[in-house]
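Colleague: Residue numbers for the sequence shown follow the numbering used here, so the first one is 7 and each next one is one higher. Yeah, the Cβ is synthetic: ideal placement off N, Cα and C, and Gly gets one too.
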Amino acid sequence: MRHRHRPRVYPEVHPYPLQHRAAKPQEERRAQRGRTGDDRGLVPGAALSQRAHAHHDAMKYFTIKELTRSATAQHLGIDNTPPASAVKALHALVDNVLDPLRQAWGGPIMVNSGYRCPELNKLVGGTPYSQHQRGEAADITVGSQSRNRRLLALIKRLDLPVDQCIDEKGCRWIHVSHRTGNNRRLYMKF
Ligand SMILES: [Zn+2]
Numbered sequence: 007m008r009h010r011h012r013p014r015v016y017p018e019v020h021p022y023p024l025q026h027r028a029a030k031p032q033e034e035r036r037a038q039r040g041r042t043g044d045d046r047g048l049v050p051g052a053a054l055s056q057r058a059h060a061h062h063d064a065m066k067y068f069t070i071k072e073l074t075r076s077a078t079a080q081h082l083g084i085d086n087t088p089p090a091s092a093v094k095a096l097h098a099l100v101d102n103v104l105d106p107l108r109q110a111w112g113g114p115i116m117v118n119s120g121y122r123c124p125e126l127n128k129l130v131g132g133t134p135y136s137q138h139q140r141g142e143a144a145d146i147t148v149g150s151q152s153r154n155r156r157l158l159a160l161i162k163r164l165d166l167p168v169d170q171c172i173d174e175k176g177c178r179w180i181h182v183s184h185r186t187g188n189n190r191r192l193y194m195k196f
C-alpha cells in the first residue's frame with residue numbers, strides 16, 4: 007500500500023500554479039475571500055457594495071496623486087496634502103463617479119483640479135464653500151469643448167450620482183462632485 011496519504015493535487019481548483027499564487031491579481035484574491043468568508047448569507051449585490059465601501063483600494067483609473075497635484079500650489083510652495091477626510095471623499099468620488107465614467111467613456115479623462123486646501127482654493131478663485139476643499143469635487147476634461155460636451159451628455163445618460171455637475175465656460179471643463187448621503191444631481195452652467 008503505497009502513497010495512501012500522499013497529498014493530492016486538484017489542479018482544476020487553482021487557476022494558477024500553486025507556487026505562483028502570490029502573483030494572483032488583487033481583485034481576484036478579494037473576490038475569493040468574499041466567496042469563502044464574509045459574504046456568506048448575504049445577497050451578492052449587498053456584499054459587493056459593502057466590500058466596495060470597506061476597501062479603499064478600489065480605485066481603478068485615478069490616483070490620489072493626480073487628484074491633489076496643483077501647478078499653482080507647487081509654484082507658490084503651498085502644501086496641498088489632503089487630510090484623511092478629504093482622501094476618503096476623493097476615493098468615494100472616484101469609485102462612484104470618475105471610474106464608472108472613465109469606464110463608459112473608454113479613453114483618458116484628465117483632472118485639471120481635484121482637492122484644494124483652503125489656501126489654494128482661495129488663490130485659484132474657488133467659491134468659499136467649494137467642494138474641492140473637502141475632496142468631493144474634480145474639474146475634468148477630455149481635451150476639447152466638443153468632446154467635453156459629449157462627456158457631459160454621457161454623465162447624464164449614465165445618471166451618475168453627482169451632487170453638482172457644472173458646464174464651465176461652454177464646456178471648457180466639467181466640474182463634478184459627489185458627497186456622502188444625498189447627491190442632488192444638479193446640472194448647471196457657469
Ligand atoms: Zn470645480
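For Met-194, write down the residues that DSSP places opposite it in a beta bridge.
Modeller: According to DSSP, Met-194 bridges with Ile-172.
Colleague: How far does the alpha helix (DSSP H) with Thr-78 in it extend, from its first residue to its last?
Modeller: 77 to 82 is the span of the alpha helix (DSSP H), which, as asked, contains Thr-78.
Colleague: Considering only the alpha carbon of each residue, which of Ile-180, Asn-127, Gly-131, Arg-185 lies closest to Thr-74?
Modeller: Taking only the C-alpha atoms, the option nearest Thr-74 is Asn-127.
Colleague: Ignore the nearest five residues each way along the sequence and tell me which others in Gly-141's own chain have a CB closer than 8 angstroms to its CB.
Modeller: The answer, listed in chain order, is Leu-73, Pro-88, Ser-91, Ala-92, Val-93, Lys-94, Ala-95, Leu-96, Leu-99, Gly-120, Tyr-121.
Colleague: I believe Asp-169 touches Ser-152 by the beta-carbon criterion, under 8 angstroms. Please report the beta-carbon distance rounded to the nearest angstrom.
Modeller: That pair is no contact at about 26 angstroms.
Colleague: Any idea if Gln-32 is buried or exposed, counting beta-carbon neighbours within 10 angstroms, 16 or more meaning buried?
Modeller: A caution first: Gln-32 carries a pLDDT of 44, below 50, which makes its placement in the model too unreliable to give a value.
Colleague: Go through the region 86 to 142 residue by residue and report every complete run of the alpha helix (DSSP H) that reaches 4 residues or more, in order.
Modeller: Listed in chain order, they are 90 to 99, 105 to 111, 124 to 129.
Colleague: Provide the residue span of the beta strand (DSSP E) that contains Ser-183, from first to last.
Modeller: Residues 179 to 183.
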